[in-house]
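Numbering (our numbering), first residue to last: 186 to 820.
All C-beta atoms in this analysis are idealised placements derived from N, C-alpha and C, irrespective of residue type, glycine included.
Note that the structure is a prediction, hence the values are computed from the model and not measured.
I have placed the structure first, in the form of structure tokens, so that the comments after it can refer back to it.
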């Protein structure tokens, strides 16, 4: 029976008949075909192996291969649908267990770690899908990797973005070296699913959240292919650990998992692994950056769920054979390490959940919600290529070009730490007005525990009053999100501002204790639950992926009533005559704000704002924080 062909042998045997469509653009060397050396069509070779990694299988061909394995190994593998895409395709998951036990409750009770492997969320980046097919075969058919199922149970999603996967094309990823045709980055409604984990708008995301809560995995893997710079590594990876991460889990990830992961991948001939590489500037000598990954991303979201999450980024410029086999070695290393540390990992995850609940009951605990990199660095032995910088007559800017025939090893600084720039005290609960169904619906999708008011309730609560934010002129993921004029670093400004949520984007909210009335049906969200960090990131207005930041509460900043100019002219004079201090404030405003002074409407509206007719709810964030839930009329 077939086994995954080692890279060094594969490259000697399986060469390409012709260059890929973008080979000239990517300056890839041509390869010569030897069709007779390809795996035979009647063995257990995966579809991509049969093509010598020229192609990747479509949805139906992928599922047919999986069904074939499932039929041959029915006691160790099941295939189930956990939802539908927008176009009605099944979202299929493969569950692999050595002893015919597929029930999550029984598996967790037996202290067996569950590893969730997600592929093709960006469906042009399908390396993990083809690597997973080979791994399934080698665990269940050839049995060469059967030991990986000693303790672990695998939940593998071969194609998460199934609709995008079927938007097959030759020119879907300009930066990527093969295969011949690939899927598209976004889903059928052009949503990037890896920006949707917190706001949960896509049907695929809703299905994932249900399935996540069904399994509550112990380790999460998200397979991708990079964009960015050129270097020698084919496997790069990132584990999201930050000030919110349970300390023992962070220590395990950084000190036990990561070094062993790199050691195992590097031991495989033809592969080289390193932590994710994103330069501070355009070139390697500027060093490797670090930034907060916000919970719109899969791995950052899983971090809020108190579970370790690994992002795999195969290098886009490596040929497809190298990438698939490298991804295979990465998955093999992950499962082996989780098996090795199974008892410890399962217990740490339980402890992390208990620590989250205990922190909420402490009433003094704080949750960091915004972070930035510190100046702390560590030397990193970077294996890259020589580069040149020339002035481009095309772009008018510097053109960085890498010389792949001139490998180099240089020591550069890598930023290694984040510091908290904004934290919030964990309340006893949040209360969400019944009418704000858009907020409640997302909380329910995340599986958060909630209770409803049986009747109206009036009492003191901590509310936020927010200054009007700015909004981006261009839409991002279907929303006009907060606009931030000061990107953290110019070379990656678009990514930092639009993708990570970092930058000067405070909406200017201040907390105030006020008496408020909430209607029957309003929802109370207690924070003494394992996923409370998710609730806080959704409901705290200044959290980077909150409902406020995504523009779902824009209406609270809209002035709905206004005064006619002739009415306000008379009113202003009466107000000044009755209150000389108001005249002083007005004059100071005129002197200090030229734009205000030049605006007739702003000057008149200023008096409207200081009158009893002004809408006191303008800028009032509708969600309140509670210091206690006792006395609430809950259903």
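Assigned secondary structure, residue i (DSSP; H/G/I helix, E/B strand, else coil)
{"i": "residue 760", "result": "helix"}
{"i": "residue 808", "result": "coil"}
{"i": "residue 275", "result": "strand"}
{"i": "residue 261", "result": "coil"}
{"i": "residue 803", "result": "coil"}
{"i": "residue 645", "result": "strand"}
{"i": "residue 386", "result": "coil"}
{"i": "residue 664", "result": "strand"}
{"i": "residue 336", "result": "coil"}
{"i": "residue 220", "result": "Confidence at residue 220 is low in this model, with a pLDDT of 41, below 50, so its placement is unreliable and the value that follows should be read with caution. It is helical."}
{"i": "residue 370", "result": "coil"}
{"i": "residue 301", "result": "strand"}
{"i": "residue 202", "result": "Low confidence applies here, because residue 202 scores a pLDDT of 37, under 50, leaving its location unreliable and the question unanswered by this model."}
{"i": "residue 401", "result": "coil"}
{"i": "residue 814", "result": "coil"}
{"i": "residue 436", "result": "helix"}
{"i": "residue 701", "result": "strand"}
{"i": "residue 344", "result": "coil"}
{"i": "residue 681", "result": "Residue placement at residue 681 is flagged as unreliable, the pLDDT there being 35, under the threshold of 50; the coordinate-derived value follows with that caveat. Correct three-state label for residue 681: helix."}
{"i": "residue 326", "result": "coil"}
{"i": "residue 141", "result": "Since the first and last residues shown for the chain are 186 and 820, residue 141 lies out of range."}
{"i": "residue 626", "result": "helix"}
{"i": "residue 349", "result": "helix"}
{"i": "residue 269", "result": "strand"}
{"i": "residue 286", "result": "coil"}
{"i": "residue 590", "result": "strand"}
Per DSSP, cross-strand counterpart(s) of residue i
{"i": "residue 819", "result": "638"}
{"i": "residue 584", "result": "575"}
{"i": "residue 596", "result": "566"}
{"i": "residue 545", "result": "According to DSSP, residue 545 bridges with nothing at all."}
{"i": "residue 694", "result": "651"}
{"i": "residue 354", "result": "367"}
{"i": "residue 604", "result": "557"}
{"i": "residue 231", "result": "BP columns for residue 231 are empty, so no partner."}
{"i": "residue 423", "result": "496"}
{"i": "residue 610", "result": "551"}
Alpha-carbon spacing of residue i relative to residue j, whole angstroms
{"i": "residue 322", "j": "residue 263", "result": "14 Å"}
{"i": "residue 417", "j": "residue 590", "result": "11 Å"}
{"i": "residue 736", "j": "residue 805", "result": "15 Å"}
{"i": "residue 602", "j": "residue 554", "result": "15 Å"}
{"i": "residue 698", "j": "residue 767", "result": "26 Å"}
{"i": "residue 355", "j": "residue 504", "result": "15 Å"}
{"i": "residue 357", "j": "residue 655", "result": "34 Å"}
{"i": "residue 434", "j": "residue 426", "result": "8 Å"}
{"i": "residue 614", "j": "residue 778", "result": "41 Å"}
{"i": "residue 469", "j": "residue 597", "result": "7 Å"}
{"i": "residue 514", "j": "residue 320", "result": "9 Å"}
{"i": "residue 663", "j": "residue 452", "result": "44 Å"}
{"i": "residue 802", "j": "residue 269", "result": "41 Å"}
{"i": "residue 813", "j": "residue 770", "result": "40 Å"}
{"i": "residue 817", "j": "residue 325", "result": "55 Å"}
{"i": "residue 460", "j": "residue 568", "result": "12 Å"}
{"i": "residue 587", "j": "residue 576", "result": "15 Å"}
{"i": "residue 796", "j": "residue 647", "result": "25 Å"}
{"i": "residue 152", "j": "residue 471", "result": "Nothing about residue 152 can be read from this structure; the chain reaches only from 186 to 820."}
{"i": "residue 415", "j": "residue 594", "result": "13 Å"}
{"i": "residue 721", "j": "residue 592", "result": "47 Å"}
{"i": "residue 251", "j": "residue 318", "result": "7 Å"}
Element boundaries [beta strand (DSSP E), containing residue i]
{"i": "residue 568", "result": "562-576"}
{"i": "residue 557", "result": "551-558"}
{"i": "residue 305", "result": "That residue, residue 305, is in no beta strand (DSSP E); it is neither H nor E in DSSP."}
{"i": "residue 408", "result": "404-410"}
{"i": "residue 430", "result": "Segment: none, residue 430 is in no beta strand (DSSP E) and carries neither H nor E."}
{"i": "residue 311", "result": "Neither: residue 311 is in no beta strand (DSSP E) and is coded neither H nor E."}
Where the alpha helix (DSSP H) containing residue i begins and where it ends
{"i": "residue 290", "result": "289-294"}
{"i": "residue 615", "result": "From DSSP, residue 615 is part of no alpha helix (DSSP H) but of the beta strand (DSSP E) over 614-617."}
{"i": "residue 659", "result": "Counting along the chain, residue 659 falls outside any alpha helix (DSSP H), and DSSP gives it neither H nor E."}
{"i": "residue 416", "result": "Neither: residue 416 is in no alpha helix (DSSP H) and is coded neither H nor E."}
{"i": "residue 771", "result": "765-777"}
{"i": "residue 380", "result": "Premise fails: residue 380 is in no alpha helix (DSSP H) and is neither H nor E."}
Neighbour flag for residue i against chain B, beta carbons, 9 Å
{"i": "residue 417", "result": "This model lacks chain B altogether; it includes just one protein chain."}
Original post:
At which residue ranges does the segment 707-749 contain complete alpha helix (DSSP H) runs of 4 or more residues, listed in the order of the chain?
Top reply: Taking 4 residues as the shortest admissible run, the segment 707-749 contains the following complete alpha helix (DSSP H) segments, listed from N- to C-terminal end: 717-724.
**OP:** Please list the segments of the alpha helix (DSSP H) lying wholly inside the segment 451-536, counting only runs of 4 or more residues, in order along the chain.
**Re:** Taking only runs of at least 4 residues, the alpha helix (DSSP H) segments lying wholly in the segment 451-536 are 483-489 and 505-525.
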